[in-house]
Amino acid sequence: MESSIKNKIEHYCAYQERCHYDVSSKLNKLGVFGDEVDEYVCYLIDKNFLSETRFTEAYVRGKFNYNNWGKIKIARELKSKKISDWNIENALNQISNKDYTEKLKVLCAKQIKSSDKNKFELKNKIIRSLSYKGWEVDLIVVSLNQLIK
Numbered sequence: 006m007e008s009s010i011k012n013k014i015e016h017y018c019a020y021q022e023r024c025h026y027d028v029s030s031k032l033n034k035l036g037v038f039g040d041e042v043d044e045y046v047c048y049l050i051d052k053n054f055l056s057e058t059r060f061t062e063a064y065v066r067g068k069f070n071y072n073n074w075g076k077i078k079i080a081r082e083l084k085s086k087k088i089s090d091w092n093i094e095n096a097l098n099q100i101s102n103k104d105y106t107e108k109l110k111v112l113c114a115k116q117i118k119s120s121d122k123n124k125f126e127l128k129n130k131i132i133r134s135l136s137y138k139g140w141e142v143d144l145i146v147v148s149l150n151q152l153i154k
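Numbering (the working numbering), first residue to last: 6 to 154.
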């Protein structure tokens with residue numbers, strides 16, 4: 006293993022949590038391919054620079070708390086990064102149902118406040134908007150029915 010690449014990839018992983026897919030892509034950009042990529046990934050796992058479980062939990066927390074994404078979009082994005090279903094499910098289960106429904110109500114209320122459309126148009130707009138952000142349509146409808154009488 007080349008020490009300059011090793012230092013770069015260690016710094017890359019130390020800066021923020023990364024998944025194997027991101028690290029492999031970065032190594033490819035640095036000119037490392039094939040079995041050598043696996044060597045670097047194993048090294049990073051052994052030195053605790055890389056953990057897919059840790060990455061998945063941090064990703065879910067960040068996207069839920071700061072980007073206001075729902076579970077559907079979070080899971081879809083994690084699958085695109087080739088994260089295992091087991092890791093995705095475990096990380097998503099760390100979001101409590103109470104926090105999830107409260108966040109959804111807050112997002113619905115925020116959009117209701119900022120609109121002057123009639124009830125039908127407003128509901129459709131909010132359903133489209135929040136389903137695009139990965140929220141379950143049935144939960145959106147329940148929240149909207151509680152907020153819009």
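Note that CB positions come from ideal geometry on N, CA and C, so glycine has one too.
Residues L109, C113, I131, I132, L135 and S136 of the same chain have their beta carbon placed closer than 8 angstroms to that of I145, with the five preceding and five following residues left out of the count.
For S56, no alpha helix (DSSP H) segment is defined, and its DSSP state is neither H nor E. In this structure, the beta-carbon distance from K34 to Y17 does not fall below 8 angstroms.
Pairing E15 with F54 gives a Cβ-Cβ distance under 8 angstroms. Between the region 69-80 and the region 34-51, the count of C-beta pairs closer than 8 angstroms stays below three; the two stretches do not touch. Only exposed fits S9, as fewer than 16 other CB atoms lie within 10 angstroms of its CB. Taking 8 angstroms as the upper bound for CB-CB distance, V46 and V28 are in contact here, some 6 angstroms apart.
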